[in-house]
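Undergrad: Numbering (the numbering used here), first residue to last: 884 to 1283.
Structure below; questions to follow.
Structure follows, in structure tokens:
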């Protein structure tokens, strides 16, 4: 039976959806009509009608960078790499529900080990059904001793990179390559150093394309970022344009090329960004300034949280969004960056991310109007994934 959801307003592409009505009809997990409540009810009098006075209906949020297999501790991947399988599965299940509590109906997982996240994505077990749509990159490709080497995706040569992609292609939604060093691997290249040449990153891009897969590349530093742009990756994760501690090298020619070829920046601002900003900001280094600079250069930006690594949580995407408001981004643009814009950038805009007939019914019902106050997105009143409606209580929030 179809269900008709009625609210004060509909929000699409970060704007109020004027002139189309106040209701969405959902059937078989998809949006099958949008219009006025009276019209939709008259057309389908057998449908269940739910009215949400004082609320908005909008697309579900997309968190573009998580690690469902991480436990957010200082040793964030110990359970994933050496824990009992049941413990790993329970961890992933818990983290996925936390994402739902934050209103995230789609998450892009950018690195696990052992294929756990892909199996969770596909699981039909009752315990695993309460989950967002998951895009899994599987085990990230890295060099010997490089960033996240312990996840198992070591590939040092062109042949090894191709072999790694061959092994994972049937199970993943995209390929992840560690183009530079990182913070959660104490040994090996620093976060500012490159791990792969432009040519080897290009091998990953070319070989992944044979399977119809995009490549997401991890790169904090300017040098690996430039190599990723030249190699043609789809998204550059973190993308901080860093040249050293407290230093940034914003390469003007590279960012123009990035915009021209539509390479996307995958930002990973954590919920505790205010504390970090107090610690790192200097007259020469303003936290988040690279985001404004990239946006001014017409680079599309994804908002992710890197949830799973130390100091993060899975239910706080809204807090990461607040940085953009602090930087002067319009609230509607910020909302678009985690809904329709994100879906388009990730190549799933034909499936989800908007209020449009035929798309998956991945929706939020939020109190108030988030275009006036992003706090409306904290713990949405209802989270709907492919037509299945969850309250916060359903998702384990005992305060709701």
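Think of the CB as a built atom: it goes at the ideal place given N, C-alpha and C, for glycine as much as any other residue.
Which same chain residues, not among the five before or five after residue 1283, have their C-beta less than 7 Å away from its C-beta?
TA: Reading the chain shown from its first residue, position 400 is the one you call residue 1283. Confidence at residue 1283 is low in this model, with a pLDDT of 45, below 50, so the placement of that residue is unreliable and no value is reported for it.
Undergrad: Can the beta-carbon of residue 1061 be found less than 7 Å from the beta-carbon of residue 1247?
TA: Taking the first residue of the chain shown as position 1, residue 1061 is located at position 178. Taking the first residue of the chain shown as position 1, residue 1247 is located at position 364. No, they are not a contact pair.
Undergrad: Put residue 1185 into one of helix, strand or coil per three-state DSSP.
TA: Counted from its first residue, the chain shown places residue 1185 at position 302. In the structure shown, residue 1185 sits in a strand (DSSP, three-state: E or B).
Undergrad: Per the DSSP calculation, residue 1265 is bridged to which residue(s)?
TA: By one-based count along the chain shown, residue 1265 stands at place 382. BP columns for residue 1265 point to 1248.
Undergrad: Sorted by chain position, which residues of the same chain lie with C-beta nearer than 8 Å to residue 970's C-beta, five sequence neighbours on each side aside?
TA: If you number the chain shown from 1, residue 970 lands on position 87. 962, listed in sequence order.
Undergrad: Output needed for residue 885: all residues of its chain with C-beta closer than 8 Å, excluding positions within five of it in sequence on either side, in chain order.
TA: On the chain shown, position 2 is the one that residue 885 refers to. These residues qualify, in order along the chain: 908, 909, 910, 915, 927, 929, 930 and 931.
Undergrad: Take residue 1096 and list the residues in its own chain whose beta-carbon comes closer than 6 Å to its own, dropping the five residues that flank it on each side.
TA: As a position in the chain shown, residue 1096 is number 213, starting the count at 1. Cβ within range, chain order: 1057 and 1058.
Undergrad: Under 7 Å Cβ to Cβ from residue 900, same chain only, skipping five residues before and after it: list those, please.
TA: By one-based count along the chain shown, residue 900 stands at place 17. Correct list, in chain order: 893, 894 and 1238.
Undergrad: For the candidate residues 924, 1182, 944 and 1082, whose alpha-carbon lies nearest to that of residue 1245?
TA: Taking the first residue of the chain shown as 1, we reach residue 1245 at position 362. Of the listed residues, the one whose Cα sits closest to residue 1245 is 944.
Undergrad: Which complete alpha helix (DSSP H) runs does the region 1137-1215 hold, if anything under 4 residues is left out?
TA: If we require 4 residues or more, the alpha helix (DSSP H) runs fully inside the region 1137-1215 come out as 1156-1163, 1172-1179 and 1200-1209.
Undergrad: Shortest alpha-carbon distance to residue 1026 belongs to which of 1076, 1140 and 1169?
TA: For the purposes of this step, residue 1026 is taken as the residue at position 143 of the chain shown. For residue 1026, the nearest C-alpha among the options comes from 1076.
Undergrad: Pull up the distance between the alpha-carbon of residue 1279 and that of residue 1206, whole angstroms please.
TA: Locating residue 1279 in the chain shown gives position 396, counting from the first residue. Locating residue 1206 in the chain shown gives position 323, counting from the first residue. Answer to the nearest angstrom: the Cα atoms are 27 Å apart.
Undergrad: Can you tell me the Cβ-Cβ gap for residue 1160 and residue 1170, rounded? I've got them flagged as a contact below 8 Å.
TA: As a working note, residue 1160 is residue 277 in the chain shown. As a working note, residue 1170 is residue 287 in the chain shown. Confirmed, about 4 Å.
Undergrad: Could you pull the DSSP bridge partners for residue 1101 from this structure?
TA: Taking the chain shown and counting its residues from 1, the one referred to as residue 1101 is at position 218. DSSP lists 1061 and 1120 as partners of residue 1101.
Undergrad: Which first and last residues belong to the beta strand (DSSP E) in which residue 1273 is found?
TA: Start at 1 with the first residue of the chain shown, and residue 1273 comes out as number 390. From DSSP, the beta strand (DSSP E) with residue 1273 extends over 1271-1273.
Undergrad: Have a look at residue 1029 and residue 1072 and give me their C-alpha separation to the nearest angstrom.
TA: Position 146 of the chain shown, counting from 1, holds the residue named residue 1029. Position 189 of the chain shown, counting from 1, holds the residue named residue 1072. Cα-Cα distance, rounded: 6 Å.
Undergrad: Taking Cβ to Cβ, would you say residue 1152 is nearer than 7 Å to residue 1203?
TA: Working through the chain shown from its first residue, we reach residue 1152 at position 269. Working through the chain shown from its first residue, we reach residue 1203 at position 320. Yes, the pair counts as a contact, with Cβ atoms nearer than the cut-off.
Undergrad: State yes or no: is the C-beta of residue 906 within less than 7 Å of the C-beta of residue 923?
TA: Position 23 of the chain shown, counting from 1, holds the residue named residue 906. Position 40 of the chain shown, counting from 1, holds the residue named residue 923. The answer is yes: Cβ separation under 7 Å.
Undergrad: If you count every other CB in all the chains shown that lies within 10 Å of the CB of residue 1021, and 16 or more means buried, which is it?
TA: Here the question's residue 1021 lines up with position 138 in the chain shown. The residue in question, residue 1021, is buried, as its Cβ has 16 or more Cβ neighbours within 10 Å.
Undergrad: Which partner residues does residue 946 have in the DSSP bridge list?
TA: Within the chain shown, the letter at position 63 stands for residue 946. Looking at the DSSP assignment, residue 946 forms a beta bridge with 990.
Undergrad: Considering only the alpha carbon of each residue, which of 975, 1002 and 939 lies closest to residue 955?
TA: Taking the first residue of the chain shown as 1, we reach residue 955 at position 72. Residue 975 is the option with its Cα nearest to residue 955.
Undergrad: Can you tell me the Cβ-Cβ gap for residue 1224 and residue 1183, rounded? I've got them flagged as a contact below 8 Å.
TA: Position 341 of the chain shown, counted from the first residue, corresponds to residue 1224. Position 300 of the chain shown, counted from the first residue, corresponds to residue 1183. Rounded, the Cβ-Cβ distance is 7 Å, consistent with contact.
Undergrad: Output the boundary residues of the beta strand (DSSP E) element that contains residue 916.
TA: Position 33 of the chain shown, counted from the first residue, corresponds to residue 916. Run containing residue 916: 913-918, per the beta strand (DSSP E) assignment.
Undergrad: Which same chain residues, not among the five before or five after residue 1084, have their C-beta less than 7 Å away from its C-beta?
TA: Translated into positions along the chain shown, residue 1084 becomes position 201. For residue 1084, where only same-chain residues beyond five positions count, the Cβ hits under 7 Å are 1060, 1062, 1100, 1110, 1111, 1114 and 1116.
Undergrad: Taking 7 Å as the cut-off, decide whether the C-beta atoms of residue 1219 and residue 904 are in contact.
TA: Locating residue 1219 in the chain shown gives position 336, counting from the first residue. Locating residue 904 in the chain shown gives position 21, counting from the first residue. Cβ distance not < 7 Å, so residue 1219 and residue 904 don't count as in contact.
Undergrad: With 16 other CB atoms within 10 Å as the buried threshold, where does residue 1066 fall?
TA: Taking the chain shown and counting its residues from 1, one reaches residue 1066 at position 183. Flag for residue 1066 reads exposed.
Undergrad: By how many angstroms is the C-alpha of residue 1080 removed from the C-alpha of residue 1001?
TA: Within the chain shown, the letter at position 118 stands for residue 1001. Within the chain shown, the letter at position 197 stands for residue 1080. The alpha-carbon atoms of residue 1001 and residue 1080 are separated by roughly 29 Å.
Undergrad: Tell me, please, which residues DSSP counts as bridged to residue 1112.
TA: The residue given as residue 1112 occupies position 229 in the chain shown. Residue 1112 is not bridged to any residue.
Undergrad: Could you please give me the residues that DSSP links to residue 935 through a beta bridge?
TA: Here residue 935 is taken as the residue at index 52 of the chain shown, counted from 1. Answer is 890.
Undergrad: Could you tell me the boundaries of the alpha helix (DSSP H) in which residue 1092 lies?
TA: Residue 1092 sits at position 209 when you count from the first residue of the chain shown. Looking at the DSSP string, the run of the alpha helix (DSSP H) that includes residue 1092 is 1081-1093.
Undergrad: Identify, in the order they occur along the chain, each residue of the same chain with its Cβ nearer than 8 Å to the Cβ of residue 1038, setting aside the five sequence neighbours on each side.
TA: What you label residue 1038 is simply residue 155 of the chain shown in a count that begins at 1. Taken in chain order, the residues that qualify are 1024, 1025, 1026, 1044, 1046 and 1047.
Undergrad: Output needed for residue 1236: all residues of its chain with C-beta closer than 6 Å, excluding positions within five of it in sequence on either side, in chain order.
TA: Walking along the chain shown from the start, residue 1236 turns up at place 353. Within the same chain, residue 1236 has close Cβ partners 942, 1222, 1223 and 1226.
Undergrad: Grab the span of the beta strand (DSSP E) containing residue 908 for me, first residue to last.
TA: Translated into the one-based positions of the chain shown, residue 908 becomes position 25. Unbroken beta strand (DSSP E) run through residue 908: 906-910.
Undergrad: Short of 6 Å in beta carbon distance, which residues of its chain neighbour residue 1107, apart from the five on each side in sequence? Order them along the chain.
TA: Counting from 1 along the chain shown, the entry for residue 1107 is found at position 224. If we look at residue 1107 and ignore the five residues flanking it on each side, its Cβ neighbours are 1062, 1063 and 1077.
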